[in-house]
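**Student:**
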Amino acid sequence: MHVPSVSHLSAEDPEIAGLVEAEARRQYEKLRLIASENYVSPAVLEATGSVLTNKYSEGYAGKRYYEGQQNVDPIELLAIRRAKELFGAEHANVQPYSGSPANLAVYMAFLEPGDPVMGLSLPMGGHLTHGWSVSATGKWFRPVRYEVRADTGRVDMDQVRDLALKERPKLIWCGGTAIPRTIDFPAFAEIAREAGAVLAADVAHIAGLIAGGAHPSPIGHADVVTTTTHKTLRGPRGAMILSTAEHAKAVDKAVFPGLQGGPHDHTTAAIAVALKEAAQPDFPAYARQIVANAQVLAAALADRGYDLVSGGTDNHLILIDLTNKGVAGKPAAQALDRAGIELNYNAVPFDPRKPFDPSGLRIGTAAITTRGLGAEQMPLVAAWIDEVVQGVSKQDETVAERVAGQVRELLASYPMPGWAPAP
Ligand code: DSN
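Quick note on full-length UniProt numbering: the sequence shown kicks off at 1 and runs consecutively.
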């Protein structure tokens, strides 16, 4: 049974329908611990799969380049209003196709090619678009990179200040993709002010935690805030840019016509739905549970001798350095996947290994919390991870299959939004 029904797809293209069904079952049967993923609601799925995908709407509400915007304008205005209300922002742009285009729009709004930009180094937990060398942002701008401290695993704020005052970046990014600790937005804002830089907070990973009050907000500190909408925020694949009123025009012009063509109206509608869901009274409890689950899981892993970057977590994310276990991240992640535990191998700060074969694993608890798992299940999850990692070091191929069966059995009691197995 696929919910919503995919009967037309099955009739017209059984090959794709079969793969969609297989993916739904895979998501149902796996313990999904990829820190940037989640399960969206059936309402978000319906909006994403709606006829809005048929429409072109280049421009903004009231100023479009195509006719027939009687329904799209109110949809986009609703999404904007809900984004502003949820985050307390003066301005919201809901058109960026995803996180990287949103971040590129920030460059377009505030920088000229060749200008200096400062961000957390990618292997330390930053993002490609914060000026990493292989990204357009590292090629077309002059990157300055700050790091985490070797002794604490936390962002080195003294280094951030020293570099900012020395290099005078025009733009400073805070946030990233593998940061297990609270981001100190006021401290970044003070440094940006001192250096005369624009402060951009990339809160893609923690947007849902911010919306639910489980992480401090960058609003009031950062000049501009970018976020994807599909991680802890639990919306469709998309992105938003929030800013002060002062920067509204520059942000909007950068997104369109600066970088993009027509917005994806079906995504905009689904973002509006997700924002409404995140404004409901039960969302803060969801956000708090994500963090509680991560903290219990982190403690259980630490008890089993796992070396956690920064020693634990304040948010949804745990970064494990497997060096002391004598196993590399990639074979561990692959074995865990075979064991029904889906996560990603990840570089750890000061990683001596290569990015495609690094020392670490990254774990996130947003999806399993949506599924309904609570703190009481986390020691079991840690035990399974440990069993599989030990299996890799002992080259015991039987562990993965055994654990996969146990994972499937556990998850059968936790419904998945948007899909259920045939009765
Ligand atoms: N791919 C996202 C993540 O996994 O964190 C960042 O772009």
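The beta carbon of each residue, even a glycine, is placed where N, CA and C say it ideally should be.
On a predicted model such as this, the values are computed, not experimentally measured, just so you know.
Taking the alpha-carbon positions, what's the Val251 to Thr228 distance?
**Tutor:** Locating residue 251 in the sequence shown gives position 251, counting from the first residue. Locating residue 228 in the sequence shown gives position 228, counting from the first residue. Going by the C-alpha atoms only, they are around 16 Å apart.
**Student:** Can you list, in chain order, the residues of its chain with a C-beta nearer than 6 Å to that of Pro379? Leave out the 5 residues immediately preceding and following it.
**Tutor:** Along the sequence shown, one-based indexing puts residue 379 at 379. Contacts found: Ala300.
**Student:** Could you give the DSSP three-state label for Asp307: helix, strand or coil?
**Tutor:** If you number the sequence shown from 1, residue 307 lands on position 307. Strand, per DSSP.
**Student:** Distance check for Ala102 and Pro96, CA to CA, integer angstroms please.
**Tutor:** Here residue 96 refers to the residue found at position 96 of the sequence shown. Here residue 102 refers to the residue found at position 102 of the sequence shown. Going by the C-alpha atoms only, they are around 5 Å apart.
**Student:** Mind checking whether the beta-carbon of Leu35 lies closer than 7 Å to any heavy atom of ligand 1?
**Tutor:** In the sequence shown, residue 35 corresponds to position 35, counting from 1. Note that residue 35 is Ala in the sequence shown here, rather than Leu. It does: the Cβ of Ala35 is within 7 Å (strictly closer) of some heavy atom of ligand 1.
**Student:** If you draw a straight line from the alpha carbon of Val134 to that of Leu120, how long is it in whole angstroms?
**Tutor:** Translated into positions along the sequence shown, residue 134 becomes position 134. Translated into positions along the sequence shown, residue 120 becomes position 120. When rounded, the distance between both Cα atoms is 15 Å.
**Student:** Verify whether the separation of the beta carbon atoms of Leu86 and Ala245 is less than 8 Å.
**Tutor:** Translated into the one-based positions of the sequence shown, residue 86 becomes position 86. Translated into the one-based positions of the sequence shown, residue 245 becomes position 245. In this structure, Ala245 does not lie closer than 8 Å to Leu86 by Cβ.
**Student:** Would the segment 182-201 count as touching the segment 72-85 if we require 3 or more Cβ pairs under 8 Å?
**Tutor:** Output reads no: the segment 72-85 does not touch the segment 182-201.
**Student:** So what does DSSP say about Ser217, is it helix, strand or coil?
**Tutor:** Residue numbering aside, residue 217 sits at position 217 when the sequence shown is read from its first letter. It is coil, neither helix nor strand.
**Student:** Excluding the 5 residues flanking His91 on each side, which residues of the same chain have their C-beta closer than 6 Å to its C-beta?
**Tutor:** On the sequence shown, position 91 is the one that residue 91 refers to. Here the set comprises Ser243, Ala245, Ala248.
**Student:** Apart from the five residues on each side of it in sequence, which residues of its chain come closer than 7 Å, Cβ to Cβ, to Lys276?
**Tutor:** For the purposes of this step, residue 276 is taken as the residue at position 276 of the sequence shown. Around Lys276: Arg82.
**Student:** Cβ of His264 within 7 Å of any heavy atom in ligand 1?
**Tutor:** Here residue 264 is taken as the residue at index 264 of the sequence shown, counted from 1. Not under cutoff, so the answer is no.
**Student:** Of the choices Phe256, Gly391, Val40, Arg142, whose alpha-carbon is the least far from that of Tyr114?
**Tutor:** What you label residue 114 is simply residue 114 of the sequence shown in a count that begins at 1. A small correction: the amino acid at residue 114 is Gly; Tyr does not occupy that position in the sequence shown. Considering only alpha carbons, the answer is Arg142.
**Student:** Out of Met416, Gly208, Thr365, point me to the one whose CA is closest to Ala279's CA.
**Tutor:** Stepping through the sequence shown from its first residue, residue 279 is reached at position 279. Considering only alpha carbons, the answer is Gly208.
**Student:** Quick check on Pro143: does DSSP put it in helix, strand or coil?
**Tutor:** Along the sequence shown, read from residue 1 onward, the residue named residue 143 stands at position 143. Looking at Pro143 - three-state DSSP - the assignment turns out to be strand.
**Student:** Quick check: the segment 20-28 against the segment 353-361, are there 3 or more CB pairs under 8 Å?
**Tutor:** They do not touch, by the three-pair rule.
**Student:** Indicate whether Val94 and Arg234 have their beta-carbon atoms separated by less than 8 Å.
**Tutor:** Taking the first residue of the sequence shown as position 1, residue 94 is located at position 94. Taking the first residue of the sequence shown as position 1, residue 234 is located at position 234. No. Outside cutoff.
**Student:** At the level of alpha carbons, what is the spacing between Lys253 and Thr398?
**Tutor:** In the sequence shown, residue 253 corresponds to position 253, counting from 1. In the sequence shown, residue 398 corresponds to position 398, counting from 1. If I take the Cα positions, the gap works out to 56 Å.
**Student:** For ligand 1, I want to know if His127 counts as a neighbour, meaning its beta carbon is within less than 7 Å of at least one of the ligand's heavy atoms.
**Tutor:** For the purposes of this step, residue 127 is identified with residue 127 of the sequence shown, where counting begins at 1. His127 Cβ: within cutoff of ligand 1.
**Student:** Say the cut is 7 Å; is the CB of Thr226 nearer than that to a heavy atom of ligand 1?
**Tutor:** Translated into positions along the sequence shown, residue 226 becomes position 226. Checking the Cβ of Thr226 against ligand 1 gives no.
**Student:** Skipping 5 residues on each side, what residues in its chain have a beta carbon closer than 7 Å to that of Val6?
**Tutor:** For the purposes of this step, residue 6 is taken as the residue at position 6 of the sequence shown. Around Val6: Ala17, Val20.
**Student:** Alpha helix (DSSP H) containing Arg362: first to last residue?
**Tutor:** Translated into the one-based positions of the sequence shown, residue 362 becomes position 362. Segment 360-364 is the beta strand (DSSP E) holding Arg362; no alpha helix (DSSP H) there.
**Student:** I need the straight-line Cα distance from Asp337 to Glu409, nearest angstrom please.
**Tutor:** Along the sequence shown, one-based indexing puts residue 337 at 337. Along the sequence shown, one-based indexing puts residue 409 at 409. About 16 Å.
**Student:** Closer than 7 Å to a non-hydrogen atom of ligand 1 - does that hold for the CB of Ala99?
**Tutor:** Walking along the sequence shown from the start, residue 99 turns up at place 99. Checking the sequence, you will find Gly at residue 99 rather than Ala. Yes, ligand 1 has a heavy atom inside 7 Å of this Cβ.
**Student:** Between Ala335 and Asn344, how many whole angstroms is the CB-CB distance? I'm expecting something under 8 Å.
**Tutor:** Working through the sequence shown from its first residue, we reach residue 335 at position 335. Working through the sequence shown from its first residue, we reach residue 344 at position 344. Contact doesn't hold; Cβ gap of about 13 Å is too wide.
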